[in-house]
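Chain order of the listed sequences is B and H. Count the first sequence with the working numbering and you get residues 2 to 476, in order. Count the second sequence with the working numbering and you get residues 828 to 922, in order. The structure appears below as structure tokens.
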Amino acid sequence: MEHVATTPAWAMIAYLVSGVCFILALRGLSSPETSRAGNRYGMAGMAIAVVTTLIMQELAGIVEIAIAVAIGGAIGLVIARRIAMTAMPQLVAAFHSLVGLAAVLVAIAAWLNPGAFGLLDAEGQIFAVSRIEMALGAAIGAVTFSGSVIAFAKLNGNMSGAPILLPARHVINFGVLGAIIVLIALYVLSGAGGPGEGTLVPIIVALAFLVGFLLIIPIGGADMPVVVSMLNSYSGWAAAAMGFTLSNSAMIITGALVGSSGAILSYIMCAAMNRSFISVIAGGFGQGDAGGGDKGPAIDRPYKKGSADDAAFLLKNAEKVIIVPGYGMAVAQAQHVLREMAEELEEQGVDVRYAIHPVAGRMPGHMNVLLAEANVPYDKVFELEDINSDFGQADVAFVIGANDVTNPAAKTDKTSPIYGMPVLDVENAKTTLFIKRSMGGAGYAGVENELFFRDNTMMLLSDAKKMVEEIVKAL
Amino acid sequence: MDFISILSIFVLACFVGYYVVWSVTPALHTPLMAVTNAISSVIIVGALIAAAAAGVPGAKWLGLIAVTLASVNIFGGFAVTERMLAMYKKKEKKK
Numbered sequence: 002m003e004h005v006a007t008t009p010a011w012a013m014i015a016y017l018v019s020g021v022c023f024i025l026a027l028r029g030l031s032s033p034e035t036s037r038a039g040n041r042y043g044m045a046g047m048a049i050a051v052v053t054t055l056i057m058q059e060l061a062g063i064v065e066i067a068i069a070v071a072i073g074g075a076i077g078l079v080i081a082r083r084i085a086m087t088a089m090p091q092l093v094a095a096f097h098s099l100v101g102l103a104a105v106l107v108a109i110a111a112w113l114n115p116g117a118f119g120l121l122d123a124e125g126q127i128f129a130v131s132r133i134e135m136a137l138g139a140a141i142g143a144v145t146f147s148g149s150v151i152a153f154a155k156l157n158g159n160m161s162g163a164p165i166l167l168p169a170r171h172v173i174n175f176g177v178l179g180a181i182i183v184l185i186a187l188y189v190l191s192g193a194g195g196p197g198e199g200t201l202v203p204i205i206v207a208l209a210f211l212v213g214f215l216l217i218i219p220i221g222g223a224d225m226p227v228v229v230s231m232l233n234s235y236s237g238w239a240a241a242a243m244g245f246t247l248s249n250s251a252m253i254i255t256g257a258l259v260g261s262s263g264a265i266l267s268y269i270m271c272a273a274m275n276r277s278f279i280s281v282i283a284g285g286f287g288q289g290d291a292g293g294g295d296k297g298p299a300i301d302r303p304y305k306k307g308s309a310d311d312a313a314f315l316l317k318n319a320e321k322v323i324i325v326p327g328y329g330m331a332v333a334q335a336q337h338v339l340r341e342m343a344e345e346l347e348e349q350g351v352d353v354r355y356a357i358h359p360v361a362g363r364m365p366g367h368m369n370v371l372l373a374e375a376n377v378p379y380d381k382v383f384e385l386e387d388i389n390s391d392f393g394q395a396d397v398a399f400v401i402g403a404n405d406v407t408n409p410a411a412k413t414d415k416t417s418p419i420y421g422m423p424v425l426d427v428e429n430a431k432t433t434l435f436i437k438r439s440m441g442g443a444g445y446a447g448v449e450n451e452l453f454f455r456d457n458t459m460m461l462l463s464d465a466k467k468m469v470e471e472i473v474k475a476l
Numbered sequence: 828m829d830f831i832s833i834l835s836i837f838v839l840a841c842f843v844g845y846y847v848v849w850s851v852t853p854a855l856h857t858p859l860m861a862v863t864n865a866i867s868s869v870i871i872v873g874a875l876i877a878a879a880a881a882g883v884p885g886a887k888w889l890g891l892i893a894v895t896l897a898s899v900n901i902f903g904g905f906a907v908t909e910r911m912l913a914m915y916k917k918k919e920k921k922k
């Protein structure tokens with residue numbers, strides 16, 4: 002492998018097969034029935050890629066590699082088994098950070114030992130094109146790493162979810178980004194293109210770490226679905242950049258798949274909030290001091306407060322109930338007792354369905370996973386556009402831990418920061434029940450929800466889990 | 828492979844990714860993130876090359892660390908996806 006790594010034809014085909022397996026893995030996710038087969042394709046694809054690489058290198062260093070895989074694999078399996086479903090967003094963020102860091106390490110290893118990767122020209126210099134790809138891979142990987150670490154800390158509660166706004170942050174961010182691009186260009190043009198030569202590569206990596214950090218700290222906790230998807234996308238582009246360096250089709254195909262997947266998810270999340278991607282990334286949404294003095298009037302206005310018994314009575318006598326879960330349900334871990342309540346109601350002949358807003362929770366599809374964990378059949382769970390017109394026929398809309406996604410101000414009040422965001426029309430149901438901790442706090446957007454004060458709304462002020470438990474008892 | 832062939836694969840794969848991901852049902856978006864995370868660890872291929880190459884000890888060690896990190900992701904990512912997907916059930920027909 003000392004010279005240019007001319008990949009043998011069989012290996013190229015094997016990598017291609019591996020790439021196709023990854024496509025099938027994502028394809029399987031188009032429906033829950035095929036999804037598990039899809040996951041197996043993914044595993045097979047990975048196994049093919051790894052085994053092919055090992056054989057191509059004639060099993061050099063196999064002992065150390067096996068030890069490394071065993072250590073990493075054991076850690077991964079233990080985490081995967083123990084993690085609570087409510088903690089999935091932070092787990093995904095943590096995993097993204099690992100991909101990012103791995104990409105940085107591979108890029109630096111390639112810089113130190115380009116011969117092993119077949120990146121040297123006749124004069125012992127790294128190919129110019131490889132230098133671009135390597136530096137880009139390292140930079141994207143570093144942004145992914147530090148950004149994911151911050152996202153993890155915010156999601157996991159190690160760090161406040163509140164946006165941290167540096168003065169002139171846009172200037173700083175663009176300045177650092179610009180510096181990275183200039184340095185990459187300098188590196189490509191510089192004479193110091195030998196293995197491990199020059200100091201530009203470490204500086205680029207350090208600056209990229211800084212960008213990831215700066216990029217995520219101004220973004221508030223509730224915008225995390227977008228951030229997590231965006232970092233997902235970055236981890237893909239990092240893999241693709243390294244795939245270019247190594248001329249490896251499996252890595253390029255995977256990188257493109259993951260990159261587009263994350264980008265599409267970010268787009269879906271932004272569309273569901275009616276916000277542009279740029280405004281989310283610019284950060285600062287939902288600071289405590291913005292929101293227009295909502296806290297004062299909330300206390301003064303009259304609202305109907307109900308007890309668990311009242312709620313049980315309403316639910317029992319309803320024909321159709323639609324449950325709207327939100328992040329509050331995840332925080333209270335109320336999904337299991339909620340399912341008990343739904344089953345109890347179904348036994349009494351009530352039709353119970355669930356309505357999920359795309360940005361409910363802290364990552365795309367978060368609510369669906371929690372409900373699935375609680376054994377809610379997935380054919381009872383509907384997306385916004387599929388169920389929204391049914392609220393008119395529902396007797397009770399049961400909102401648990403959601404707020405902004407039901408706020409009619411998004412449809413009527415042009416001055417509201419959430420104007421234009423698609424919302425669930427819970428007010429069309431005969432009665433709307435809101436489970437909420439207290440009347441004090443508004444939603445993350447700092448917007449008052451006038452639904453709370455309507456005649457056909459009943460507020461159930463309590464911890465979500467406790468309240469649902471009491472309702473189950475009362476049924 | 829020359830740069831143009833690689834670029835062609837990349838561009839076509841982006842299109843494949845675009846259409847495949849739009850066909851993913853929103854209910855499975857969390858597993859989608861978990862599994863894309865696992866497969867992006869295919870970066871382990873680069874880590875394996877670095878770890879196997881003799882000559883530059885620093886590069887070899889970085890490669891081994893990268894192999895470990897990517898392995899956490901591969902095993903953890905696929906296992907957690909499997910765990911999540913196993914939870915998605917249809918309604919059992921009792922009646």
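Every residue gets a Cβ at the ideal spot worked out from N, C-alpha and C, and that includes glycine.
Taking the Cα of B/Thr-87 as reference, the smallest distance to any Cα among B/Ala-410, B/Ala-12, B/Met-330 and B/Pro-196 is reached at B/Met-330. A check of alpha carbon separations from B/Asp-122 across B/Gln-349, B/Val-21, B/Gly-195 and B/Ala-103 identifies B/Gly-195 as the nearest.
Counted as a single uninterrupted DSSP element, the alpha helix (DSSP H) harbouring B/Met-135 occupies residues 129-157. Relative to B/Asn-369, the option among B/His-97, B/Met-89 and B/Val-130 whose CA is nearest is B/Met-89.
For B/Lys-321, the enclosing beta strand (DSSP E) stretches over residues 321-326. The Cβ of B/Gly-237 sits closer than 7 Å to at least one Cβ of chain H. Secondary structure of H/Ala-886 (DSSP, three-state): helix. If one requires a minimum length of 3 residues, the beta strand (DSSP E) runs lying completely within the region 319-381 of chain B are 321-326 and 352-357, in chain order. The beta-bridge partner set that DSSP reports for B/Val-397 consists of B/Val-322 and B/Thr-432.
At least 7 Å separates the CB of H/Ile-831 from every CB of chain B.
Residue contact with chain B for H/Pro-853: present (Cβ-Cβ distance below 7 Å to some residue of chain B). Note on geometry: alpha-carbon atoms of B/Asn-450 and B/Leu-266 lie some 27 Å from one another. Neighbours of B/Ala-356 across chain H, judged by C-beta separation under 8 Å, do not exist; the nearest C-beta is about 12 Å away. In the DSSP annotation of this structure, the continuous segment of the alpha helix (DSSP H) that includes B/Leu-208 starts and ends at 201-217. DSSP, read as helix, strand or coil, puts B/Glu-65 in helix. Taking a beta-carbon distance threshold of 7 Å, B/Gln-58 counts as an interface residue toward chain H. Within its own chain, the residues whose Cβ lies closer than 8 Å to the Cβ of B/Gly-327, once the five positions on either side in sequence are excluded, are His-358, Ala-361, Gly-362, Met-368, Val-400, Ile-401, Gly-402, Ala-403, Asn-404 and Val-406, listed in chain order.
In the pairwise beta carbon analysis, the region 836-844 of chain H is classified as not touching the region 330-345 of chain B: fewer than three pairs are separated by under 8 Å. Per DSSP, B/Met-89 is one residue of the alpha helix (DSSP H) stretching across 89-113. DSSP links B/Glu-124 through a beta bridge to no other residue.
Less than 7 Å separates the beta-carbon of H/Leu-889 from that of B/Leu-106.
A straight-line Cα-Cα distance of about 8 Å links B/Leu-167 and B/Pro-219. One thing to note: H/Val-899 has its Cβ within 7 Å of the Cβ of B/Gly-77. B/Asp-224 counts as buried, since at least 16 other C-beta atoms from the protein chains shown sit within 10 angstroms of its C-beta. Cα atoms of B/Val-144 and B/Asn-40: separation of roughly 28 Å, rounded to the nearest angstrom. In terms of CA proximity to B/Thr-200, B/Leu-187 leads the group B/Leu-211, B/Leu-187 and B/Phe-210. Under the 7 Å criterion on CB atoms, B/Met-252 is classed as interfacial with respect to chain H. Here the C-alpha atom of B/Gln-349 lies approximately 24 Å from the C-alpha atom of B/Leu-371. Per DSSP, B/Met-160 lies in no alpha helix (DSSP H) and is assigned neither H nor E. B/His-337 does not reach chain H, its nearest Cβ partner there being about 12 Å away, counting only Cβ pairs nearer than 8 Å.
In this structure, the beta-carbon distance from B/Tyr-304 to B/Phe-453 falls below 7 Å.
Taking C-alpha positions only, B/Ala-272 is separated from B/Phe-278 by approximately 9 Å.
According to the DSSP assignment, B/Thr-458 belongs to no alpha helix (DSSP H) but to the beta strand (DSSP E) extending over 458-462. B/Phe-383 is bridged by DSSP to B/Ala-356. Contacts between B/Met-243 and chain H, judged by CB atoms closer than 8 Å, involve Ile-870 and Gly-873 in chain order. Chain order gives no chain H residues near B/Glu-345, where near means a beta carbon separation below 9 Å; the closest approach is about 15 Å.
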